[in-house]
Amino acid sequence: MHKRGLGSDGAAPYVLLFPLIILLAAFILYPVAMNLFSSFTQWKGYGPQKWIGFDNYVKMFQDTAFWTSLQNTLVLALYIPIGTFFTLLIAALIREGIKGWKVYRAILYVPNLLGYVIMGVIFSIYLRDDGALNVLIKAAAGSPLHFLIDPVLAINTIGFSLVVWLHLGFGLIYFLAAMNSIEPSIYEAALVDGAGFWKTFTNVTVPSVRFAIEFFVVFNFIEVFARMFPFIYTLTQGGPGYSTFTLEYGIFAQAFQKFQVGYASAWSMVLFIFCAVISTLQIRMMRRREA
Amino acid sequence: MKKSSVFTLGTRVTVQVLMIVLVLASLLPLYNIVSASFKTADEFTSNPISLPQTVTWDNYHYAAISGKLLAYTLNSFLFVPAALLLYIAVCVSAGYAFGKLRFALRTPLFLLVLFLSIFPQLLLATQVFKMISSLHLTNTGLGVILSWVAYFAPFGTYIMTTFFAEMPYELIESARIDGAGPYRILLTIMAPLAQPMIATIAIIGFQAMWNELPFSLLILQEQAQRTLTVGIALMKGEFGLRVPILSAALVIAMIVPLAIFLFFQRYITLGVTAGAIKG
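Chains as they are written, first to last, in the numbering used here: chain A, 8 to 298; chain B, 452 to 730.
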């Protein structure tokens, strides 16, 4: 370990950090601070801002769209443990080697590559009532599934496709990399002890990749709370009704479709609190790993 | 080296079959789009999933020219590489400062960068738009470039910081004894050694900016300025339910990300693990 605190590098660090700090101040710090201020005002996004105290918050807590959006966001979050377990299990199953893995890996990674906008539009075609998947379902079961039309099914369709399905390739590469750093002798010892797959999975694999699991879970929380707007925008546009509104999508709808920017800022403050908690957890994890 | 196995042959076959099913299931939507893109509107209605009976290129022609996809692609090729150069410069210099230099505010500033790295774009969007307007940069490449670099740089900085932090100090010490200052050490010693990691954050940054929607949607409101991603996102509304044309547009939009993947697969795999797993 290098001895720290022996003097400093003078002005150089600040010069090197200057571009980053200026950009962050202008495009992240200042917006977050101004957002707090806006949440106490009535404002269209242009023109004068009128101070109205807590009115936006009172209105928000009485707004069914807000509670639906919050509930939907939490429904999506419930898919995180499912997706994590599913991905981890498949990674453990193919850890020992599988024919064609390089090709499978490339194919399963394609959704991550194409991004939420392209995948959202593709799924909006694929999952339509008369889309390809429903042609197959109709042939097998007689009637189609209204993936994007039924309000309850719609939010669950998004939960499954975004949290479980689209991240499968990413998750497998990620978990397999973590599993590859486990000492092979631990697995050999488990085998000698007569432990089967399940016992090895719970007693060896999961504890050994604990950090990777934590990161994957936090990554998914960030996706659900802070990154999935483009997917909903292209797949359901929040509909039918408010049934696939999330906090993020609600902010977009209030601010850029209804031009109630002050009101949208109150929603943003709720999302800010969730994200601040997630961010703090993530930082604690990163620091613990560095220690 | 052969790994020890708890699986019988039967289990191994089951796992293999499971993987093939998963792969086929994820290929199905892509196949659906590609085959639809070669069908006429009439054929798609009567035959949504089989291979096209007669192949037509009209959808591609329409999407690329009338749908302006070609123009949007050019915009993306103008804005994204320019943003990427700025992003790399910002992340590498900041990562070097955080990872290898000593200064009083090192820890608090680094924590601030980490803290700011996850906030949703929608939370920032109204104020970012206001900022860009007051700089008279709406509908300009520079406007989106600044907003992209600001938003994506914290994560790239984090990756570069962990990379530089693990490089041996001896390299710096001996250069210092030779009289090199921090800038020269960065440019002549550190940056060349960091090339694989710079390639990794370049790929991460490229994908993030190429696929970025909220900021570009707001900042680039003139149709002529749209990026490919904005164009695709708005096309659904503009083309209505003309699925074959929309499908052709999607196939065109897939080409660049897939080409990047084929050429830089190594760095993409590195990128998946760089954020968290060390060593």
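Each residue gets a CB set at the ideal place from its N, CA and C atoms; glycine is no exception.
Straight-line Cα distance separating V110 of chain A from M452 of chain B: Unreliable positioning characterises M452 of chain B in this predicted model, as indicated by a pLDDT of 38, which lies under 50. The coordinate reading is nonetheless provided below. Each residue's Cα considered, the two are about 22 Å apart.
Opening and closing residue of the alpha helix (DSSP H) in which L475 of chain B lies: 460-488
For Y620 of chain B, is the classification buried or exposed, using 16 other Cβ atoms within 10 angstroms of its Cβ as the cut-off for buried? exposed
Label S501 of chain B either buried or exposed according to how many other C-beta atoms from any shown protein chain fall within 10 Å of its C-beta, with 16 as the threshold for buried. By the 16-neighbour rule on beta-carbons within 10 angstroms, S501 of chain B is exposed.
Three or more C-beta pairs under 8 Å: does that hold for the region 593-604 of chain B against the region 28-36 of chain A? Yes, since at least three Cβ pairs between the region 593-604 of chain B and the region 28-36 of chain A fall closer than 8 Å, the two stretches touch.
What are the boundary residues of the alpha helix (DSSP H) that S45 of chain A is part of? Element bounds for S45 of chain A: 37-45.
Can you look up Q289 of chain A in the DSSP assignment and give me helix, strand or coil? helix
For P499 of chain B, count the other beta carbons within 10 Å of its own beta carbon; 16 or more makes it buried, fewer makes it exposed. Which is it? buried
Return yes when the Cβ of S667 of chain B is within less than 8 Å of the Cβ of V595 of chain B, no when it is not. Their beta carbons are under 8 Å apart, which means V595 of chain B touches S667 of chain B by this criterion.
Could you tell me which residues DSSP puts in a beta bridge with W58 of chain A? As a beta-bridge residue in DSSP terms, W58 of chain A pairs with A:T48.
Interface residues of chain B facing L36 of chain A [CB-CB closer than 9 Å]: L563, L567
Check whether chain B comes within 8 Å of G138 of chain A, counting only Cβ atoms and requiring the distance to be less than that. yes
Check distances from the C-beta atoms of the region 578-607 of chain B to those of chain A and list, in chain order, the residues that come in under 8 Å. Q578, V579, F580, K581, M582, L597, S598, V600, A601, Y602, A604, P605
To the nearest whole angstrom, what separates the beta carbons of F177 of chain A and Y116 of chain A, a pair I think is in contact under 8 Å? 7 Å
Pick out the complete beta strand (DSSP E) segments inside the region 590-673 of chain B, 3 residues or longer, and give them in chain order. none
Could you check where the alpha helix (DSSP H) with R557 of chain B kicks off and where it finishes? 557-567
DSSP three-state label for F25 of chain A, please. helix
Would you please verify whether the beta carbon of I728 of chain B is less than 8 Å from any beta carbon of chain A? Caution applies to I728 of chain B, whose pLDDT of 45 falls short of 50 and renders its modelled position unreliable; the model cannot decide the point.
Under 8 Å, with one C-beta from each stretch per pair, do the region 533-547 of chain B and the region 604-612 of chain B reach the 3-pair mark? The region 533-547 of chain B makes contact with the region 604-612 of chain B, as at least three CB pairs between them are under 8 Å.
Strictly below 8 Å CB to CB, what residues from chain A border Y547 of chain B? Taking the beta carbon of Y547 of chain B as reference, the chain A residues within 8 Å of it are L23, listed in sequence order.
If contact means a Cβ-Cβ distance below 8 Å, which residues of the region 701-725 of chain B contact chain A? L701, A704, M705, P708, L709, I711, F712, Q716, I719, T720, V723, T724
Grouping DSSP H, G and I as helix and E and B as strand, with all else coil, what is E190 of chain A? coil
Using a threshold of 8 Å, state whether the C-beta atoms of V541 of chain B and L30 of chain A are closer than that. yes
Can you tell me whether Y53 of chain A is helix, strand or coil according to DSSP? coil
Buried or exposed for L13 of chain A, going by 16 or more other Cβ atoms inside 10 Å? With a pLDDT of only 49 at L13 of chain A, under the threshold of 50, the placement of this residue in the model should not be trusted, and no figure is reported.
Using 8 Å as the Cβ pair cut-off and three pairs as the minimum, do the region 684-701 of chain B and the region 465-473 of chain B touch? no
Output needed for M293 of chain A: all residues of its chain with C-beta closer than 8 Å, excluding positions within five of it in sequence on either side, in chain order. none
Own chain, CB closer than 7 Å to G245 of chain A, minus 5 neighbours either side, in chain order: I239, T251, F252, Y256, A260
Pairwise C-alpha distance: R295 of chain A and R677 of chain B: The alpha-carbon atoms of R677 of chain B and R295 of chain A are separated by roughly 43 Å.
Below 7 Å between beta carbons is the criterion; list the residues of the region 41-73 of chain A that meet it against any residue of chain B, in chain order. Listed by position, the residues of the region 41-73 of chain A near chain B (Cβ gap below 7 Å) are M41, N42, G52.
Note down the Cα distance separating E103 of chain A from V224 of chain A, rounded to an integer number of angstroms. 24 Å
Apart from the five residues on each side of it in sequence, which residues of its chain come closer than 6 Å, Cβ to Cβ, to L709 of chain B? none
Within the continuous alpha helix (DSSP H) that includes I539 of chain B, where are the two ends? 520-551 is the extent of the alpha helix (DSSP H) around I539 of chain B.
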